[in-house]
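Visitor: With the sequence shown counted from 1, adding 4 to any position gets you UniProt numbering. Backbone N, C-alpha and C fix where the C-beta goes; we use that ideal spot for every residue, glycine too. All figures in this text were calculated on a predicted structure; none of them were measured in a lab.
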Amino acid sequence: RPRVLSGIQPTAGSFHLGNYLGAVRQWVALQETHDAFYMVVDLHAITVPKDPAELRANTRMAAAQLLAAGVDPERCKVFLQSHVPEHTQLSWVVECLTGFGEASRMTQFKDKSAKQGNDSTTVGLFTYPALMAADILVYRAHEVPVGEDQRQHLELTRNIAERFNGRYGATFPVPEPYILKETGKIYDLQEPTVKMSKSASTPKGIIDLLDDPKTSAKKIKSAVTDTDTVIRYAPEEKPGVSNLLTIYSTLTGTGIPELEEKYDGKGYGALKTDLAEVVAEWVTPFRTRTQEYLDDPETLDRILAEGAEKARSVAAETLATVYDKVGFLPAK
Ligand code: AQP
Numbered sequence: 005r006p007r008v009l010s011g012i013q014p015t016a017g018s019f020h021l022g023n024y025l026g027a028v029r030q031w032v033a034l035q036e037t038h039d040a041f042y043m044v045v046d047l048h049a050i051t052v053p054k055d056p057a058e059l060r061a062n063t064r065m066a067a068a069q070l071l072a073a074g075v076d077p078e079r080c081k082v083f084l085q086s087h088v089p090e091h092t093q094l095s096w097v098v099e100c101l102t103g104f105g106e107a108s109r110m111t112q113f114k115d116k117s118a119k120q121g122n123d124s125t126t127v128g129l130f131t132y133p134a135l136m137a138a139d140i141l142v143y144r145a146h147e148v149p150v151g152e153d154q155r156q157h158l159e160l161t162r163n164i165a166e167r168f169n170g171r172y173g174a175t176f177p178v179p180e181p182y183i184l185k186e187t188g189k190i191y192d193l194q195e196p197t198v199k200m201s202k203s204a205s206t207p208k209g210i211i212d213l214l215d216d217p218k219t220s221a222k223k224i225k226s227a228v229t230d231t232d233t234v235i236r237y238a239p240e241e242k243p244g245v246s247n248l249l250t251i252y253s254t255l256t257g258t259g260i261p262e263l264e265e266k267y268d269g270k271g272y273g274a275l276k277t278d279l280a281e282v283v284a285e286w287v288t289p290f291r292t293r294t295q296e297y298l299d300d301p302e303t304l305d306r307i308l309a310e311g312a313e314k315a316r317s318v319a320a321e322t323l324a325t326v327y328d329k330v331g332f333l334p335a336k
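Structure below.
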């Protein structure tokens with residue numbers, strides 16, 4: 005079976021709808037057809053300062069949400085990035101194959117460092133795409149299910165895989181992004197031309213999956229649409245309405261043309277009221293399941309330990325191959 009690898013940050017509190025529709029939903033589907041490795045990227049989280057107790061809580065929270073969303077330890081390897089030291093061990097080799105200029109062109113780094121300023125920006129934030137490349141390459145993954153915002157980092161990973169293969173002989177598959185056209189970018193409800201984002205969206209622009217459905221309903225009802233009243237999927241002309249249709253369609257499995265027909269002549273109010281219900285129906289069992297995992301940290305930790313053990317056996321093999329190819333003598 006082809007391999008997939010992906011990760012998600014243990015950000016404070018809840019995943020948002022963009023994380024779920026853009027990435028985690030695909031993880032759940034791909035575990036049926038692929039040899040799947042999914043992780044909470046706690047190492048990536050500390051590229052910005054994190055309180056240790058909060059990081060621990062957020063990491064468990066993220067793992068619980070993955071399981072609640074349908075990531076199944078019987079069907080995939082689910083683990084924490086910090087439990088597999090081979091990621092950072094391979095990362096050094098990746099860093100030494102990455103150009104300074106190449107890394108400097110990463111738009112996410114440019115955006116985030118511009119906001120933080122030079123003195124607050126860490127070297128870790130700069131080298132984070134190299135660690136991400138190592139995350140993928142250490143499993144020799146074929147595909148990487150992520151949102152559109154990760155495409156450039158994936159491209160870097162592909163370049164590094166090719167560079168390594170060219171220099172040291174065929175070692176890595178060149179990984180393909182697995183980004184769905186429909187849901188690769190879910191937009192901010194208040195600013196429907198920019199992505200829904202933990203760090204950039206205002207509270208009204210983002211649907212947190214663990215929020216009370218009433219709060220989410222309010223946000224959906226005040227989502228920015230346009231002065232027109234026609235419900236039509238047209239991302240360029242009608243980004244707000246199109247975003248709502250995408251969310252509705254993906255959560256219910258209803259085609260967009262069918263939704264356009266259903267709401268023909270009905271106005272935005274009806275669409276928003278129904279979408280709020282659709283979201284509530286999805287998040288209600290999700291919230292319960294997340295809480296169940298959080299209430300049983302022993303089970304959660306056991307699942308993560310088992311996942312890490314399986315992941316390590318694959319990662320260790322790749323690392324040994326790479327270290328040998330690079331020319332490091334084996335440790336006796
Ligand atoms: N709006 C989005 N639409 C589609 N996919 C998205 N992803 C994130 N936002 C959207 C995808 O979710 C996965 C996990 O992302 P992450 O680990 O970067 O999580 P995060 O930091 O909580 O998400 P944000 O909101 O993307 O963070 P910032 O604030 O850094 O911008 C990834 O596959 C990502 O593509």
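The alpha helix (DSSP H) spanning S205 covers which residue range?
Guide: No alpha helix (DSSP H) contains S205, which DSSP labels as neither H nor E.
Visitor: State the DSSP-derived secondary structure class of F176, mapped to helix, strand or coil.
Guide: Of the three classes helix, strand and coil, the one that applies to F176 here is coil, per DSSP.
Visitor: What residue range is occupied by the uninterrupted beta strand (DSSP E) comprising F83?
Guide: K81 to L84 is the extent of the beta strand (DSSP E) around F83.
Visitor: Return yes when the C-beta of T63 is under 7 angstroms from any heavy atom of the ligand AQP, and no when it is not.
Guide: T63 Cβ: outside cutoff for every heavy atom of the ligand AQP.
Visitor: With a threshold of 7 angstroms, establish whether the CB of A118 neighbours any heavy atom of the ligand AQP.
Guide: Not under cutoff, so the answer is no.
Visitor: Specify, as a first and last residue, the run of the alpha helix (DSSP H) that D115 falls within.
Guide: Note, D115: alpha helix (DSSP H), T111 to Q120.
Visitor: Taking all protein chains shown into account, decide if C80 is buried (16 or more other Cβ within 10 angstroms of its Cβ) or exposed.
Guide: With 16 or more other Cβ atoms within 10 Å, it is buried.
Visitor: Tell me the rounded alpha-carbon separation between I183 and L9.
Guide: Each residue's alpha carbon lies about 13 angstroms from the other.
Visitor: Could you check whether the Cβ of L97 sits closer than 7 angstroms to any heavy atom belonging to the ligand AQP?
Guide: Leu is not the amino acid found at residue 97; the sequence shown has Val there. Checking every heavy atom of the ligand AQP against the Cβ of V97, none is found closer than 7 angstroms.
Visitor: Should T15 be listed as close to the ligand AQP, given that the test is whether its C-beta is under 7 angstroms from any heavy atom?
Guide: Yes, Cβ of T15 sits closer than 7 angstroms to a heavy atom of the ligand AQP.
Visitor: Would you check if the distance between the CB atom of K276 and the CB atom of A227 is smaller than 8 angstroms?
Guide: Contact: yes.
Visitor: With 16 other CB atoms within 10 Å as the buried threshold, where does Q295 fall?
Guide: Q295 should be labelled exposed.
Visitor: Does the beta-carbon distance from L21 to L263 come in below 8 angstroms?
Guide: No. Outside cutoff.
Visitor: Within the 8 angstroms Cβ cut-off, does V142 reach chain B?
Guide: Reference to chain B is not applicable here, since this structure consists of a single protein chain.
Visitor: Could you work out which residue in W31, Q85, S117 and K223 is closest to G151 when comparing CA atoms only?
Guide: The residue with the shortest Cα to Cα distance from G151 is W31.
Visitor: Could you tell me which whole alpha helix (DSSP H) segments of length 4 or greater appear in the region 123 to 209?
Guide: Listed in chain order, they are 127 to 141 and 155 to 172.
Visitor: If we count the other Cβ atoms within 10 Å of its Cβ and call it buried at 16 or more, is Q120 buried or exposed?
Guide: Burial call: exposed.
Visitor: Whose CA, out of E166, M43 and D328, lies closest to the CA of L101?
Guide: Comparing Cα positions, the closest option is E166.
Visitor: Quick one, which of P239, T15 and T233 has its alpha-carbon nearest G273's?
Guide: Here the closest residue by C-alpha is T233.
Visitor: Quick one, are the C-beta atoms of A137 and T161 less than 8 angstroms apart?
Guide: Yes, Cβ-Cβ distance for A137 and T161 is below 8 angstroms.
Visitor: Classify K242 as helix, strand or coil using the three-state DSSP reduction.
Guide: Residue state, collapsed to three classes: strand.
Visitor: Any heavy atom of the ligand AQP inside 7 angstroms of the beta-carbon of V150?
Guide: Yes - the ligand AQP has a heavy atom lying nearer than 7 angstroms to the Cβ of V150.
Visitor: The ligand AQP heavy atoms versus the CB of M43: any closer than 7 angstroms?
Guide: Incorrect: M43 has no Cβ contact closer than 7 angstroms to the ligand AQP.
Visitor: Considering only the beta carbon of each residue, do H146 and E180 sit closer than 8 angstroms?
Guide: Yes, the Cβ-Cβ distance between H146 and E180 is below 8 angstroms.
Visitor: Just list the alpha helix (DSSP H) runs in the region 222 to 298, keeping only unbroken ones of 4 residues or longer that don't cross its boundaries, in chain order.
Guide: Counting whole runs of 4 or more residues, the region 222 to 298 contains the alpha helix (DSSP H) stretches 243 to 256, 260 to 266 and 272 to 298.
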